[in-house]
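Structure first, commentary second.
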Amino acid sequence: MNGNIHSIETFGTVDGPGIRYVIFTQGCLLRCQFCHNADTWEIGTGKSMSVSEIIDDLKSYLPFIQSSGGGITVSGGEPLLQIPFITELFKECKKLGIHTAIDSSGGCYSSAPLFQQQLAELLNYTDLILLDLKHINRKKHISLTGMANDHILEFARYLSIREVPIWIRHVLVPGITNATDDLTNLGDFISTLENVRKVEVLPYHKLGVYKWEALGLEYPLKNVEPPGDDEVEQAHQLLTAHLKLVN
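Going by full-length UniProt numbering, the sequence shown wraps up at 247, each residue one higher than the last.
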């Protein structure tokens, strides 16, 4: 089985525990204003790669991955647009004893029976979900990403019910995602989940601006500067104020 792949990072250190073999899939439904991978948006493009191709390449990095307590992370784009492919990939990873993780916004989560069936099977082979929660306010979420967040929050609840370990990620964008009320409300929501292992506040940055320009797109946050360390720490405190982390 083949998947549409944007790129691969063989020594990732920020997308899950340990050293990670990180696959960036092609295709996403969200249009986040701060996206640093805008070149992954288009669905159905990218390099077609088979599960066996990826596994053969991954094996050469196994000593580093295993000694660090690492594994494989499938990011994007949005990985859940290609569930059958990731399922087959993770099945092969499990044969090798490799820790598996998915970095997802939940943007394509659906209650459709086929999606639910495919997702349930995938989660049987998934050790960790890095769940990107962009904004708790519905209207602000639409403004920021082009899509409402109802189904994304439902995805979070689904993972909690299934007891799938998750790391919550929130990109802190000054003037957009850093309002105290919004962070407090997001923290209150996170505290209702029973499967949170970690909460990460990711400081907004401008490293992807050149990709927007290369694609002929106008970068909407060009006048926004990254937050300071104190702002990041304060946001983390608000998000975790009432949270009991799961070991």
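Every residue, glycine too, gets a C-beta built ideally from N, C-alpha and C. Just so we're clear, the structure is a prediction, and the values are computed from it rather than from any experiment.
Asked: Beta-carbon proximity of residue 35 to residue 78, cut-off 8 Å; Found: no
Asked: Per-residue DSSP class, three states only, for residue 227; Found: coil
Asked: Top-ranked residue by Cα proximity to residue 151, from 49, 105, 101, 192; Found: 105
Asked: Stretch pair the segment 116 to 124 + the segment 71 to 86: three plus CB contacts closer than 8 Å; Found: yes
Asked: Identified DSSP bridge partners for residue 147; Found: DSSP output for residue 147 lists no bridge partner at all.
Asked: The segment 16 to 30 contacting the segment 61 to 68, beta-carbon criterion three pairs below 8 Å; Found: yes
Asked: Outcome for residue 11 when other beta-carbon atoms lying within 10 angstroms are tallied against a minimum of 16; Found: exposed
Asked: Cβ-heavy atom distance, residue 5 to the ligand HEM, below 7 Å; Found: Because no ligand of any kind appears in the structure shown, any question about the ligand HEM cannot be addressed here.
Asked: Neighbourhood of residue 39 by C-beta, 8 Å cutoff - its chain only, sequence neighbours within 5 removed; Found: 6, 211, 214, 215
Asked: Beta-carbon separation (whole angstroms), residue 128 vs residue 84, contact threshold 8 Å; Found: At roughly 20 Å, the Cβ-Cβ gap does not stay under 8 Å, so residue 128 and residue 84 are not in contact.
Asked: Reduced DSSP secondary structure (H/G/I, E/B, other) of residue 31; Found: coil
Asked: Close-in-space but distant-in-sequence residues of the same chain around residue 182 (CB under 8 Å, 5 per side omitted); Found: 135, 136, 137, 140
Asked: Among 117, 113, 52, 130, nearest to residue 96 - alpha-carbon criterion; Found: 52
Asked: Residue(s) in a DSSP beta bridge with residue 167; Found: 130, 198
Asked: Whole-angstrom C-beta distance between residue 147 and residue 29, which should lie under 8 Å; Found: 7 Å
Asked: Own chain, CB closer than 6 Å to residue 170, minus 5 neighbours either side, in chain order; Found: 133, 201
Asked: Test item: CB-CB of residue 187 and residue 239 under 8 Å; Found: yes
Asked: Rounded straight-line distance, which links the Cα of residue 204 to that of residue 228; Found: 10 Å
Asked: Limits of the alpha helix (DSSP H) - the one that residue 214 falls within; Found: 209 to 214
Asked: Exposure of residue 143, with buried meaning 16 or more beta-carbon neighbours within 10 Å; Found: exposed
Asked: Per DSSP, the bridge partner or partners of residue 74; Found: 23, 102
Asked: Per-residue DSSP class, three states only, for residue 135; Found: coil
Asked: CB contact flag (residue 75, residue 24, <8 Å); Found: yes
Asked: Spatial distance of residue 14 from residue 221 (CA atoms); Found: 24 Å
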